[in-house]
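Colleague:
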Amino acid sequence: MSITSATGELDAWRALPAAQQPEWDDPEEVRAVTAELAQAPPLVFAGECDQLKDRLADVVRGEAFVLQGGDCAETFTGSTADAVRNKLKTLLQMAVVLTYAGSVPVVKIGRMAGQFAKPRSKPVEVRGGVTLPAYRGDAVNGFDFTPESRRNDPRRLLQAYHCSAVTLNLCRAFTKGGYADLRQAHAWNQDFVASSPAGRRYEQLAWEIDRALAFMKACGADPEEFHGVEFYSSHEALLLEYERALTRIDSRSGLPYDVSAHMVWIGERTRALDGAHVEFASRIRNPIGVKLGPTVSADEALALIDRLNPDGEPGRLTFITRMGAGRIRDALPSLIEKVSQNAAPVAWICDPMHGNTFEAPSGHKTRRFDDVVDEVAGFFEVHRALGTHPGGIHIEFTGDDVTECVGGGHEIVEDDLHQRYETACDPRLNRGQSLDLAFMVAEMYRKAR
Ligand code: PEP
Ligand code: CO
């Protein structure tokens, strides 16, 4: 394929309806910003995207498990060393629990370093009789409820790029620079062990790992894998101007990759088969995820496979189901059955968050930890019954001790929600709830084998 024809195809989405795109006041400003982004260095390399695709192919084959997670919406002010380290630490602890207690290699994918744009169910927000545009993520407008802050500002796309770069740089340093060494498994937990039952349970497991490491060392084995981890970035490819501007032709293969993240996904609200998002994603060579909610039909899922993975490349396409605890056991079986009969294999991941959101009497958007666990349990039950592989979980979490989801080992009740409710969008599991979940999922995984 010549570069010119590749470029033409990369812009084919422009002729199609694109849901959830912000309206910008000044097209000239958008052009200037995207021209700048198009010259900016890549955040990830094509070869790394291919490596993640290989790891996801292992997941398709039933030989690895995905742990994907992070904030619902990252914020510019949240791109600090402390916040990133806390998220990463929690992800590493969860991964250790899953690897050790679930005995499975874990593919670690942050919902980080680019998750700055949100689809919204309503274009406006009304508070006390005042109507303003809805918050669409820091890449588009501000969270504060004022006309100035809620104005869509294309220059924010540049800031999203720079915050992604800073965050990814920290993630790379933390995961390769010694911090993620398995011998640090206790250190990640130091500030947590005294205050939390999940932290104490984790500590026990970390001691077991210490003993196993000492044993292996005594045997003369000290593999490279123990000293760092592979970490991948991902976000929803929502803002097509941004994603297009960060798409580059890989010099090795001549193929286009979206270098804003290793993996990008298409959301539940933007997965229309004839829409711009599916068209754009069909042209880039990154691993792609698609969220599937309870209204999806098996035919739609098959058509998505046709559009996004016509060559049946393992690891290219991941379905992230988000059915809700009450519906997963009914909605998932026929979907998986038809897809596995008729199409190339996909990886199946469970997002137990987005089908389980409700409003507490206090007005806080929240989720019950028990519903989250129940949806994952349903996901495992269905896969077990069908003989297919439960390939992973996709969660919204933070490394801080927020009070956004109710329940968990360190029970948070609805009246506690106001104490530390900090999310810019959906409620996240806090560190203790995330670790609790990891222990439960590890057990489910072991039983499902
Ligand atoms: C999300 O992941 O934050 C999200 C909006 O999910 P979905 O597209 O599944 O609703
Ligand atoms: Co969300």
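According to the working numbering, the residues represented by the sequence shown are 1446 to 1894, in order.
A virtual CB, placed ideally from N, CA and C, is assigned to each residue, including glycine.
Everything numeric in this text was worked out from a predicted model, so none of it was measured.
Under 6 Å Cβ to Cβ from D1695, same chain only, skipping five residues before and after it: list those, please.
Modeller: Here the set comprises A1491, Y1702.
Colleague: I'd like the list of long-range same chain contacts for R1774, defined as Cβ closer than 8 Å, with 5 residues on each side in sequence excluded.
Modeller: If we look at R1774 and ignore the five residues flanking it on each side, its Cβ neighbours are G1823, E1826, V1827.
Colleague: Compute the Euclidean distance between the alpha carbons of E1473 and R1646, then round it to the nearest angstrom.
Modeller: Rounded to whole angstroms, E1473 to R1646 spans 56 Å at the Cα level.
Colleague: So S1807 packs on L1862, CB below 8 Å; how close in whole Å?
Modeller: 6 Å between Cβ atoms; contact.
Colleague: Would you check whether the ligand MN has a heavy atom nearer than 7 Å to the C-beta of D1871?
Modeller: The ligand MN is absent from the structure shown, which contains only the ligand PEP and the ligand CO.
Colleague: So what's L1882 in DSSP terms, helix, strand or just coil?
Modeller: Three-state DSSP puts L1882 in a helix.
Colleague: Within the chosen definition, does the stretch 1726-1739 reach the stretch 1790-1810 through at least 3 CB pairs nearer than 8 Å?
Modeller: Yes: the two stretches touch, three or more of their Cβ pairs being nearer than 8 Å.
Colleague: Given the structure, does E1841 come close to the ligand CO, in the sense that its CB is under 7 Å from one of the ligand's heavy atoms?
Modeller: Yes - the ligand CO has a heavy atom lying nearer than 7 Å to the Cβ of E1841.
Colleague: Cβ atoms of L1650 and V1542: under 8 Å apart, would you say?
Modeller: Contact flag set, yes.
Colleague: Comparing the CB of P1739 with every heavy atom of the ligand PEP, is any distance shorter than 7 Å?
Modeller: Every heavy atom of the ligand PEP is 7 Å or more from the Cβ of P1739, so no.
Colleague: Quick check: is any heavy atom of the ligand PEP less than 7 Å from the C-beta of K1736?
Modeller: Within the cutoff, so yes.
Colleague: Regarding P1564 and the ligand PEP, is the C-beta to nearest heavy atom distance less than 7 Å?
Modeller: Indeed, a heavy atom of the ligand PEP lies less than 7 Å from the Cβ.
Colleague: When we look at the beta-carbon of M1798 and count the other beta-carbons within 10 Å, is it buried (16 or more) or exposed?
Modeller: M1798 comes out buried.
Colleague: Counting along the chain, where does the alpha helix (DSSP H) carrying C1494 start and finish?
Modeller: Counting along the chain, the alpha helix (DSSP H) containing C1494 begins and ends at 1491-1505.
Colleague: Under 8 Å, with one C-beta from each stretch per pair, do the stretch 1590-1608 and the stretch 1682-1698 reach the 3-pair mark?
Modeller: Because the criterion of three Cβ pairs below 8 Å is met, the stretch 1590-1608 and the stretch 1682-1698 touch.
Colleague: Please confirm whether any heavy atom of the ligand PEP lies closer than 7 Å to the CB of C1664.
Modeller: Not so, every heavy atom of the ligand PEP lies at least 7 Å from the Cβ.
Colleague: Could you tell me whether the stretch 1485-1502 touches the stretch 1712-1725, where touching means 3 or more Cβ pairs closer than 8 Å?
Modeller: Contact between the stretch 1485-1502 and the stretch 1712-1725 is absent, because fewer than three Cβ pairs lie under 8 Å.
Colleague: What separation, rounded to the nearest whole angstrom, lies between the Cα atoms of P1568 and P1467?
Modeller: Using only the alpha carbons, I get a separation of about 9 Å.
Colleague: For the ligand CO, is there any heavy atom lying closer than 7 Å to the beta carbon of C1517?
Modeller: Yes, the beta carbon of C1517 sits closer than 7 Å to at least one heavy atom of the ligand CO.
Colleague: Apart from the five residues just before and just after P1642, which ones in its own chain have a Cβ nearer than 7 Å to its Cβ?
Modeller: Hits under 7 Å: G1854, H1855.
Colleague: Give me the residue from Q1864, D1871, G1836 with the minimum Cα distance to G1507.
Modeller: Out of Q1864, D1871, G1836, G1836 has the C-alpha closest to the C-alpha of G1507.
Colleague: Since Y1677 contacts I1554 with CB under 8 Å, what's their CB separation in whole angstroms?
Modeller: Rounded, the Cβ-Cβ distance is 5 Å, consistent with contact.
Colleague: In chain order, what are the residue ranges of uninterrupted alpha helix (DSSP H) at least 4 long that sit wholly in the stretch 1506-1594?
Modeller: If we require 4 residues or more, the alpha helix (DSSP H) runs fully inside the stretch 1506-1594 come out as 1526-1547.
Colleague: Evaluate the contact criterion for the stretch 1845-1852 versus the stretch 1804-1821: three or more CB pairs, one atom per stretch, below 8 Å.
Modeller: The stretch 1845-1852, when compared against the stretch 1804-1821, does touch it at the 8 Å Cβ threshold.
Colleague: Rounded to the nearest angstrom, what separates T1766 and A1485 at their Cα positions?
Modeller: T1766 and A1485: Cα-Cα distance of roughly 34 Å.
Colleague: Please list the terminal residues of the continuous beta strand (DSSP E) segment that includes V1735.
Modeller: It spans 1733-1737 - the beta strand (DSSP E) in which V1735 sits, taken as one unbroken run.
Colleague: Alpha helix (DSSP H) containing I1711: first to last residue?
Modeller: First-last for I1711: 1708-1711, but that is the beta strand (DSSP E), not the alpha helix (DSSP H).
Colleague: Any heavy atom of the ligand CO closer than 7 Å to the CB of H1799?
Modeller: It does: the Cβ of H1799 is within 7 Å (strictly closer) of some heavy atom of the ligand CO.
Colleague: Helix, strand or coil for G1823 per DSSP?
Modeller: Residue state, collapsed to three classes: helix.
Colleague: For the beta strand (DSSP E) containing E1841, name the first residue and the last one.
Modeller: Residues 1837-1841.
Colleague: Quick one: is the Cβ of R1714 within less than 7 Å of any heavy atom of the ligand PEP?
Modeller: Flag set: Cβ of R1714 near the ligand PEP.
Colleague: Tell me whether E1820, by its Cβ, gets closer than 7 Å to a heavy atom of the ligand PEP.
Modeller: No, the beta carbon of E1820 sits no closer than 7 Å to any heavy atom of the ligand PEP.
Colleague: Can you check which of these residues, R1459, T1520, T1868, is closest to C1608 by C-alpha distance?
Modeller: With distances taken between Cα atoms, C1608 lies closest to T1520.
Colleague: Can you tell me whether DSSP reads G1852 as helix, strand or coil?
Modeller: Here G1852 sits in strand by DSSP.
Colleague: When DSSP labels each residue in this structure, what does R1876 get in the three-state scheme?
Modeller: It is helical.
Colleague: Measuring only the C-alpha atoms, how far is Q1864 from D1881?
Modeller: Answer to the nearest angstrom: the Cα atoms are 21 Å apart.
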